[in-house]
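Protein chains in written order, with the UniProt record's numbering: chain A, 1 to 205; chain B, 1 to 799. C-beta atoms are modelled at their ideal positions from N, C-alpha and C, and glycine is treated no differently. Input: a single structure, listed below in structure tokens.
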Amino acid sequence: MTKLAIGIDLHRCIGCNTCALACKMQNNVPDGMLWNRVLTENCELFDGAEGTYPHLTRTYVPLACQHCSNAACQRVCPTGATYTDEKGRVQIDYQKCIGCRMCMAACPYNARVFNWNDPVRSTGANWGDGRVPTREKGMMEKCTLCKERTDTGDEPMCVHCCPTDARVFGDLDDPDSEISQLERSESAQRLLESKGTRPAVFYVS
Amino acid sequence: MENAMKGTALSRRSFLKTAGALGALGAAGAIGANLAAGPAEAQSGAGEAKGYTYHNEHCLCNCMLECTVRDGRLAMVQPRPNEDHRFQNICLKGISEVENIYGEARLQRPMKRTGERGSGQFEAISWDEAFQTIAENFKAIQDKYGKEALWIQFSTEASQRFPPLLASVLGAQAGGMNGYDMGQGNGQIMAFSPWIGMFAQNTIWEWPEAAVVILANTNLVETSLTWSRGMLDAQKAGTKFICLDPRFSPTAGKADQWVNLRAGTDPAFFLGMTKYILDQDLFDREHVTAHTSFPLLIDSETGACLADVTPGTNPETGEPVELKTFYVWDEATGAAVPQGTEGATPALEGEFTVNGKRYVTQFTRLREDMEPYTLDWTAETCDIPASLVADVATQYAKGPSIIDNGVGGIDKFGNNDVAGHCYALIASLTGNYGKRGTGCGIYGYHVTPYEAHLGGWALPEGMAPAPSPQGFYDMVKGNSVHGAMFFGDIPTQKAANWNKTLEWLDSLDFVCLADIYHSSVTDFVDLVLPVCSKFECADSVGGIKCANAHILANLKVLDPLFESKSDFYIEKGIAEVMGLGNLFPANGEEYARAILTTDDPQVAGFTLEKLQEAGGALRLIGSEDLIVPEVGFNYATASGKQEPYYEALLEFGQAFPAWESPCEAYPENPLREKYPLQFNQARSRFRVHSAYSGAKWIQEVAEPHIELNPADALARGLADGDAVEVFNDRGSFRTVLRLNEAVRPESAFMAESTYRQYLDDTIMQAVSNDQLNERGYVLPFGPMIPFNDTLIEIKKVGE
């Protein structure tokens, strides 16, 4: 079996948002939408800090679809548009998506974005990888683990562009892979484990 | 001005430590559709081509980029594959260009102003009319006032990659002292000659060999973004990072230890460390005796060095120089003997009589001079615990240690040179200069020791820019210049106190701007020209450069967008109207070949064709090892030793660094009653100065705002998201307030400079301090503008 995933080293993450924009570019994500965001843990403001000056800490948390093994979004999808593919990636069949947004409400990670209107690209043209299908008004979208790239042996664009090598892509079912070794780190954790979603994406610190 | 913040609002969520509240989703939905989206289906491979360039050079990362062009439009920008992973880089700024070069801020056609300055009223004109107008005005100004009355200045951002020629051809002024970025350099350059005083003599890749790296006002992870890997890898290897910053900056958050000193007090922190190191005997006695000027004798009253002076000649320039033979006190014979006397045992400390006069060693003077800087004084001045000063001093002295300074923070204070001088002093004192894992200077962008000597375009003998005796900081106060052309927004980026700058602009007979984007100064000039972005060329090549141990080519990715021209063709166009076009290369290819004509063996055999085949970059021959040989202990200083004692600064009381308050933002300043907040502006990852201000993708993750500590906001009745006016006696600007515990109380923080259209048509340099430190005029890099040595107050707009 194959279980593709990304492991993120939170110490190496400098909050630069390169992954967010690399994803936006690769996947032709329209104006005002991001599949991949970088949050500052427990802060309203990006680059905020926890605590009271000068007793402060800060953790950036890049956040996109966690590609859960027990995906809440998939369970609530009434049409089967959301599915888990043969490589363990949670995908959306855009043709089956009816825009009910049940998945959006179900996802505890707030990882899905919806085309409330016709997608706008201020440049007036599509950008990104030409293999990525376009989406229309009424369709849900989210991180696909760069399906078009990873299907052909490339790593996701967020991993490819990360300036600090904070992101590791690979197959969790291969015990010798770099990502599996990273997953065995003591600090490895999944987000909101109590939800029982069993994310593939994990974080180390 | 709207109070609401736009863009991708992110809800407060905690993912790591608690389950976090559900609901209140913060993901952005699609924003209102008001621009027609291209209906074309994306199709793999159809009409796709690859192009190569490098970008951004203004942040000095010089990322080598592989660009995908589809149907004639930029579709993707990725890092160009590189065998050396350290040079396979990109960040959000490079990626954002996919939208930005087509964005709403782009200048699209030549325009002349039709309304009042600042009105934004323009009419489109042809390139022919633009060139004609510029040529007529340039000629009139130079005929009336002299050639040097015209000033043509380039910013890194809006100029392409070929060295400019127009100022040389016209004999106009082109330069001038910077007035920024070199304040600490002014203070450290003299100790380790022949060092250039800014970039360190070794590279960031040597950091794993240091036990400690002090990041002195270096927000490395934002301002040297792609080189953050150097810090993180060293940290993984065990190097400890100590970050000095009043704000809990992104770099402070990644460091092992944070020193949250009061803004403008970096010199005090280092002076306190120096005193502690002396008192605790933590200095490197062997190093100090062998490799520094500390044992040299100085007049106990005047501070002048005891030396024999003989006339000599500079071996490189042939110019006459004074050769000095310094004296030390030989403990063996009890007499002053020339430095270097064989068999002598120089005394490190003591007071001695030579020919009836009293002399002390520099080291003894150091102990005296450092007396005031006790731990308690330092703690009070820097507003930090005394134990923190002692702790950092102990770690630094143990070494091997490095001081990495940035060019923000203290560099934008009136006492910046004192800070740099302190770095040189403490490094000399503790043996943290010269050997592996030690050093000081700028490391953030310093990733290779290699620099190729490239060719250039030959102009007729004697054709050169007029000397530029003044910095822009003085030019704006005088009347020596009557006409100006800026490539990029020089006036709002290189000068403080915008209203003074505006008065100067008003005084000019003619001023024009060539820029890629509608930057802040655009509405204040007479004529505007649209410049190509770094992805556009009329020719197959738009520039050649040496950086990152490579020769980089700015190859054509796109044809010029809209009606833009590269700065090369703008210069050439003006020159042609003035009858001087024949002095220019015919095109980019000819210019590129001239630059590649060199006998430097590092680029032997490099041609334009080979650069094109290689995807725009060739590694310099023999540049594999990015760690330089040990700097060592031979110096071109007068004594041949490390010389932290600056005899030339005796008249300023700064032979050894001495504490000097910031010129405005010091705690006791009575002005604090009106303007209690120190205003800290600094570069962020989201822009390079004002560049990328209009990049919509970056706006989706970060919008311009000023930050206050919540306690300061509460005291003013201000709330997160308020539209506020920031003001002092010099002027004001408007922006949005955000609250952040990371900001030091009694200060305000703002990522520096954005276009005025994003600040409610105001300019943040309206408040910044333009008061120069007179000492700067005798220092190598001239005086520095104390942008951050500024006091302000903040109130709600309309109150």
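{"Asked": "Short of 6 angstroms in beta carbon distance, which residues of its chain neighbour Ile698 (chain B), apart from the five on each side in sequence? Order them along the chain.", "Found": "Ser96, Phe686, Tyr692"}
{"Asked": "What in chain A is Cβ-close to Lys696 (chain B), meaning under 8 angstroms?", "Found": "Asp31, Ser122"}
{"Asked": "Name the DSSP bridge partner or partners of Ile92 (chain A)?", "Found": "A:Thr82"}
{"Asked": "In the region 220-231 of chain B, which residues sit with their C-beta less than 7 angstroms from some C-beta in chain A, listed in chain order?", "Found": "Val221, Leu225, Thr226, Ser228, Arg229"}
{"Asked": "According to the neighbour-count rule (16 or more other Cβ atoms, all chains shown, within 10 Å of its Cβ), is His85 (chain B) buried or exposed?", "Found": "exposed"}
{"Asked": "Under a Cβ-count criterion, where at least 16 other Cβ atoms within 10 Å of its own Cβ denotes burial, should Glu571 (chain B) be classed as buried or exposed?", "Found": "buried"}
{"Asked": "With 8 angstroms set as the bound, which would you pick, yes or no: does the beta-carbon of Gly478 (chain B) sit closer than that to a beta-carbon of chain A?", "Found": "no"}
{"Asked": "CB-CB under 6 angstroms to Ser684 (chain B), same chain, minus the five flanking residues each way: which ones, in chain order?", "Found": "Glu222, Ala751"}
{"Asked": "Have a look at A:Leu172, A:Val120, A:Thr59 and flag the residue whose alpha-carbon is nearest the alpha-carbon of Met1 (chain A).", "Found": "A:Leu172"}
{"Asked": "Just the chain A side, please: which residues come within less than 7 angstroms of Glu99 (chain B) by C-beta, in chain order?", "Found": "Ser122, Thr123"}
{"Asked": "Check the Cβ of Gln26 (chain A) against every Cβ in chain B and list those closer than 8 angstroms, keeping chain order.", "Found": "Met76"}
{"Asked": "Label Pro465 (chain B) either buried or exposed according to how many other C-beta atoms from any shown protein chain fall within 10 Å of its C-beta, with 16 as the threshold for buried.", "Found": "buried"}
{"Asked": "Examine chain B for any beta-carbon lying closer than 8 angstroms to the beta-carbon of Phe46 (chain A), and answer yes or no.", "Found": "yes"}
{"Asked": "Does any residue of chain B bring its CB to less than 8 angstroms from the CB of Thr164 (chain A)?", "Found": "yes"}
{"Asked": "Between Asn36 (chain A) and Cys103 (chain A), is the Cβ-Cβ spacing less than 8 angstroms?", "Found": "no"}
{"Asked": "If the criterion is Cβ atoms closer than 8 angstroms, does the pair Gly581 (chain B) and Pro163 (chain B) meet it?", "Found": "no"}
{"Asked": "Please report the distance separating the alpha-carbon of Leu220 (chain B) from that of Asp509 (chain B).", "Found": "42 angstroms"}
{"Asked": "Is the separation between the beta-carbon of Val603 (chain B) and that of Leu620 (chain B) shorter than 8 angstroms?", "Found": "yes"}
{"Asked": "What alpha helix (DSSP H) runs, 4 residues minimum, are completely inside the region 380-446 of chain B?", "Found": "386-398, 416-430"}
{"Asked": "Listed from N- to C-terminal order along the chain, which residues in the region 150-181 of chain A have their beta-carbon within a distance smaller than 8 angstroms of any beta-carbon of chain B?", "Found": "Met157, His160, Cys161, Pro163, Thr164, Asp165"}
{"Asked": "Give me the Cα-Cα distance between Asp181 (chain B) and Gly408 (chain B), rounded to the nearest whole angstrom.", "Found": "7 angstroms"}
{"Asked": "Once DSSP output is grouped into helix, strand and coil, what is the label at Ile141 (chain B)?", "Found": "helix"}
{"Asked": "Could you tell me whether the Cβ atoms of Asn740 (chain B) and Val767 (chain B) are closer together than 8 angstroms?", "Found": "no"}
{"Asked": "Between Arg89 (chain A) and chain B, is there a C-beta pair that is closer than 8 angstroms?", "Found": "no"}
{"Asked": "Give the residues from the region 736-769 of chain B that approach chain A closer than 9 angstroms (Cβ to any Cβ), ordered along the chain.", "Found": "Arg738, Leu739, Asn740, Glu741, Ala742, Val743, Arg744, Pro745"}
{"Asked": "By the 10 Å Cβ neighbour count, where 16 or more other Cβ atoms means buried, how is Arg75 (chain A) classified, buried or exposed?", "Found": "exposed"}
{"Asked": "Let me know if Thr152 (chain A) comes out buried or exposed under the rule of 16 or more other beta-carbons within 10 Å of its beta-carbon.", "Found": "exposed"}
{"Asked": "Does the Cβ of Ile98 (chain A) have 16 or more other Cβ atoms within 10 Å, making it buried, or fewer, making it exposed?", "Found": "exposed"}
{"Asked": "How many Å lie between Gly462 (chain B) and Asp31 (chain A) at the Cα?", "Found": "53 angstroms"}
{"Asked": "Check this for me: beta carbons of Ser540 (chain B) and Leu558 (chain B), under 8 angstroms apart or not?", "Found": "no"}
{"Asked": "Does the structure place the region 492-512 of chain B close enough to the region 190-203 of chain B that three or more beta carbon pairs sit under 8 angstroms?", "Found": "no"}
{"Asked": "Short check: CB of Cys422 (chain B) to CB of Pro657 (chain B), under 8 angstroms?", "Found": "yes"}
{"Asked": "Can you give me, in chain order, the residues of the region 49-62 of chain A that have a beta carbon less than 7 angstroms from any beta carbon in chain B?", "Found": "Ala49, Gly51, Thr52, Tyr53, Pro54, Leu56, Arg58, Thr59, Val61"}
{"Asked": "Measuring from the CB of Phe131 (chain B), is there a heavy atom of the ligand GTP at a distance below 7 angstroms?", "Found": "Absence of the ligand GTP from the depicted structure is noted, as is the absence of any ligand whatsoever, leaving it without description."}
{"Asked": "In three-state terms, what does DSSP make of Leu296 (chain B)?", "Found": "coil"}
{"Asked": "Does DSSP put Leu215 (chain B) in a helix, in a strand, or in coil?", "Found": "strand"}
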